[in-house]
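One structure below.
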Amino acid sequence: MGLLVNGIWRDQWYDTTAEGGHFVRPRTIFRNWVTRDGTAGPTGAAGFAAAPGRYHLYVSLACPWAHRTLILRALKGLQHLVSLSVVHWRMLDRGWTFEDGPGVVPDPLLGAEFLYQVYLAADRSYTGRVTTPVLWDKLNRTIVNNESSEIIRMFNAAFDDAGARPGDYYPVDLREEIDALNQRIYETLNDGVYRAGFATTQAAYEDAVGTLFETLDWLEARLARRRYLCGDRVTEADIRLLVTLLRFDLVYFSHFKCNARRIADYPNLSGYARDLYQMPGVAATFDAGHVKRHYYESHRTLNPSGVVPVGPAIDFDRPHDRARLAQGG
387 MGLLVNGIWR DQWYDTTAEG GHFVRPRTIF RNWVTRDGTA GPTGAAGFAA
437 APGRYHLYVS LACPWAHRTL ILRALKGLQH LVSLSVVHWR MLDRGWTFED
487 GPGVVPDPLL GAEFLYQVYL AADRSYTGRV TTPVLWDKLN RTIVNNESSE
537 IIRMFNAAFD DAGARPGDYY PVDLREEIDA LNQRIYETLN DGVYRAGFAT
587 TQAAYEDAVG TLFETLDWLE ARLARRRYLC GDRVTEADIR LLVTLLRFDL
637 VYFSHFKCNA RRIADYPNLS GYARDLYQMP GVAATFDAGH VKRHYYESHR
687 TLNPSGVVPV GPAIDFDRPH DRARLAQGG
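Letter by letter, the sequence shown follows residues 387 to 715 of the numbering used here.
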């Protein structure tokens, strides 16, 4: 765990003292957008037109933020348009690495040993955390974007004229509802598990866990009457929720002390997670081994021994009954 300061790597855990023990996620830095014709996106500069083979995605299979992009890449059929590298699950004093291991896909562009070298190739004086996902432009040899919420928007629409599969996961008629869902789910659940796990005071921990389970209870009630968050259509809000649900009982329940209830204790949420997981292409984006080994082997501040639990055994392929909630079902 570390960061770059003026281009120099430092092995440094998160400092929560200034925030009263609360974990506050640093903002991402690279915020350009790939667009259909290369015009500027909502942030950043112009010049990043969607084209087959031009862009490369760096991910961790353990990382929920990167997992969002892998799911959109699969649902939109971008595997032949956007190439991929996968870092090793273990992140220690040099951060994410390309050390050999099951599921690791080396960096074919820069030959990087460490992900921070990719950041330095884009900005020799970069200051900030070195995170996944990273969307790289092979033409300009730079990072386009390292904000997952924006990369999934690009994958949703930018490549539609370049060979992407049909499908709109951020439809105009649902955007207001999706945005509201995203905000609550991100603040209290996606990031909430980290605010609980990385808290360094009892008050900060209990605050995070309290709002987290309020949101899970609210989602359980919402999903009692609709198949997906916005009704009968899968949207990006579902994808953003799914990546946390898949990891919850596996690691967050124990490792981050989010242990008031399991997702398995929520019939609607657990069935909903299986429903989404069983969509074509989604299961192949999830590696439970990378997830468990990353959290328990990497977070030595929380788990000094690096010992990885044997369980739990979770079957995401088990049947669900969510189709009964479809209109006319």
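Glycine is no exception: its CB is placed at the ideal position from the N, C-alpha and C atoms.
Query	Result
Tell me, which residues are paired with D523 by DSSP?	Y441 and T528
Between which two residues does the beta strand (DSSP E) harbouring R396 extend?	I394 to R396
Assuming P412 contacts N576 under a Cβ cut-off of 8 angstroms, what Cβ separation, rounded to an integer in Å, is found between them?	No, P412 and N576 are not in contact; Cβ-Cβ is about 15 angstroms, not under 8 angstroms.
Check this for me: beta carbons of G553 and L662, under 8 angstroms apart or not?	no
By the 10 Å Cβ neighbour count, where 16 or more other Cβ atoms means buried, how is D635 classified, buried or exposed?	buried
Please classify P695: does DSSP put it in a helix, a strand, or coil?	coil
What are the start and end residues of the beta strand (DSSP E) that includes S656?	Looking at the DSSP string, S656 is not in any beta strand (DSSP E); the run it does join, the alpha helix (DSSP H), is P653 to Y663.
Taking C-alpha atoms, which residue in E600, V516, S471 and G583 lies nearest to T574?	E600
Between the beta-carbon of A590 and the beta-carbon of G393, is there less than 8 angstroms?	no
Considering just the uninterrupted stretch of the alpha helix (DSSP H) at L567, what are its terminal residues?	R561 to I571
Taking 6 angstroms as the limit between beta carbons, can you name the residues of its chain near N368, skipping five residues before and five after?	Residue numbering for the chain in the displayed model covers 387 to 715; residue 368 lies beyond these limits and cannot be assessed.
Pull the bridge partners of F500 from the DSSP assignment, please.	T483
From the DSSP output, read off the bridge partner residues of G514.	L390
Can you grab the Cα-Cα spacing for the pair P458 / I538, in whole Å?	Per the sequence shown, residue 458 should be read as Leu rather than Pro. Going from the Cα of L458 to the Cα of I538 covers about 6 angstroms.
Near G514, which residues of its chain fall below 7 angstroms by C-beta distance, leaving aside the five closest residues on each side in sequence?	L389, L390, P412 and I415
Give a yes or no on contact between the region 669-679 and the region 439-448, applying the rule of three or more CB pairs nearer than 8 angstroms.	yes
Can you give me the C-alpha to C-alpha distance between G424 and F434, rounded to a whole angstrom?	5 angstroms
Just to confirm before moving on: does the CB-CB distance between Y555 and I625 stay below 8 angstroms?	yes
May I ask you to report which of helix, strand or coil DSSP gives G715?	Reliability fails at G715, whose pLDDT of 41 lies under 50, so the model's placement of it is uncertain and no value is given.
V579 lies in the alpha helix (DSSP H); which residues open and close that run?	G578 to G583
Checking 8 angstroms against the spacing of the C-beta atoms, do R527 and A507 come in under that value?	yes
Kindly indicate the opening and closing residues of the alpha helix (DSSP H) around V677.	A674 to S684
In whole angstroms, give me the CA-to-CA distance for G583 and S535.	22 angstroms
Taking only the alpha-carbon atoms, compute the straight-line gap between E592 and V491 and give it to the nearest angstrom.	39 angstroms
Could you compute how far the alpha carbon of P428 sits from the alpha carbon of Y505?	22 angstroms
Leaving out the 5 sequence neighbours to the left and right, which residues in its chain are closer than 6 angstroms to D493 when beta-carbon positions are compared?	S471 and F484
So N532 and E622 are supposed to be a Cβ contact under 8 angstroms. How far apart are they, rounded?	That belief does not hold up - the Cβ atoms of N532 and E622 are roughly 18 angstroms apart, past 8 angstroms.
Return yes when the Cβ of L688 is within less than 8 angstroms of the Cβ of H641, no when it is not.	yes
If distances are taken between C-alpha atoms only, which option among A650, H706, T671 and W604 comes closest to R660?	H706
According to the neighbour-count rule (16 or more other Cβ atoms, all chains shown, within 10 Å of its Cβ), is G692 buried or exposed?	exposed
Could you tell me which residues DSSP pairs with V491 in its beta bridges?	V472
Counting along the chain, where does the alpha helix (DSSP H) carrying E606 start and finish?	Q588 to R608
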